[in-house]
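Note that the working numbering has the sequence shown beginning at 157, numbered continuously upward. For glycine and all other residues, C-beta sits at the position ideal for the given N, C-alpha and C. Presented below is the structure to which this report refers.
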Amino acid sequence: MLDFKEKTRQLVNNEQIFWKLEQYVNLIEEKNKVMNLTGFSEDQLWKEGIYESIICLQPIIKNNKNSQSLLDVGAGAGFPSIPFLIFNTSIKLTIIEKLKKRCNFLELVKEKLNLDFEIINDSVSNLDKNFDFITARAVGSINFLFKITKKLQKPTTSFIYIKGPKVFEEILEAKNALIKFDYKVEKINSDMDKQIFIFRAQKK
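Here is the structure:
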């Protein structure tokens with residue numbers, strides 16, 4: 157049975173991209189020794205950090221035109237946006253992260269891997285931009301995410317949130333915030349041993 161590092165190699169099907177993903181994982185593992193970047197390690201890092209990020213974002217964004225903007229809210233070590241950016245460099249990525257030490261790590265990733273993205277060390281409530289896509293992983297409920305990103309939305313903004321089985325409970329909680337949105341939940345079909353759902357929404 158292949159481990160998720162090898163499954164990721166097959167998924168990206170490009171040795172240069174895979175090499176960058178390896179370097180990214182190495183940076184995470186090295187810095188994780190001295191700071192709390194992520195609870196993932198070894199193959200779990202490849203599985204839930206790298207592989208999951210790519211399979212969740214790529215099917216949604218691949219059919220959209222190049223150079224569209226993506227905001228990752230509270231990315232921490234860079235999930236899900238950094239693995240996706242390495243895989244698809246055409247996206248214009250902005251990461252907003254409140255913790256300075258995590259921003260410092262993201263700056264290191266940007267420099268070492270020669271990636272082009274913007275890092276903002278601030279709260280989402282202070283951001284004054286609009287984006288084509290807004291994503292988040294393990295940051296908060298759908299209701300919470302809609303509230304904190306309200307002023308960043310434009311009529312065509314799409315929301316892409318990676319969720320577990322509790323996504324349906326979160327939708328009920330967020331029913332008032334979702335009144336003006338068309339939304340759907342898609343189950344990601346993969347060989348991962350857990351249920352992954354993508355919550356997608358766009359203004360009516």
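Residue i versus residue j - alpha carbon distance
i: ILE206; j: TRP175; result: 13 Å
i: ASP228; j: ALA292; result: 6 Å
i: LEU262; j: LEU271; result: 10 Å
i: LEU269; j: LEU158; result: 26 Å
i: GLU204; j: PRO236; result: 9 Å
i: GLU274; j: GLY296; result: 22 Å
i: ALA294; j: GLU208; result: 13 Å
i: GLN309; j: LYS161; result: 35 Å
i: THR164; j: ASN332; result: 39 Å
First through last residue of the beta strand (DSSP E) which encompasses residue i
i: TYR339; result: 337 to 343
i: GLN358; result: 353 to 359
i: ILE318; result: 314 to 319
i: VAL190; result: That residue, VAL190, is in no beta strand (DSSP E); it is neither H nor E in DSSP.
i: VAL323; result: No beta strand (DSSP E) holds VAL323; the alpha helix (DSSP H) holding it covers 323 to 329.
Environment of residue i [buried if 16+ CB atoms lie within 10 Å]
i: GLU171; result: exposed
i: PHE324; result: exposed
i: PRO215; result: exposed
i: LEU226; result: buried
i: GLN166; result: exposed
i: PRO239; result: buried
i: LYS187; result: buried
i: THR312; result: exposed
i: GLU326; result: buried
Cβ separation of residue i and residue j, assumed to be a contact under 8 Å, to the nearest whole Å
i: GLU253; j: GLY230; result: 6 Å
i: THR194; j: ILE184; result: 6 Å
i: PHE353; j: LYS319; result: 5 Å
i: ILE251; j: LEU177; result: So it is not a contact: roughly 17 Å between Cβ atoms.
Cβ pair residue i, residue j closer than 8 Å
i: TYR317; j: ILE298; result: yes
i: CYS259; j: ASN277; result: yes
i: LYS340; j: GLN351; result: no
i: LEU201; j: VAL181; result: yes
i: ASN356; j: PHE315; result: With the sequence shown as reference, residue 356 is identified as Arg, and Asn is not the correct amino acid for it. Contact: yes.
i: LYS360; j: ASP338; result: yes
i: LYS248; j: MET191; result: no
Range of the contiguous alpha helix (DSSP H) that encloses residue i
i: LYS161; result: 160 to 168
i: GLU274; result: Note, GLU274: premise wrong, no alpha helix (DSSP H); beta strand (DSSP E) at 273 to 276.
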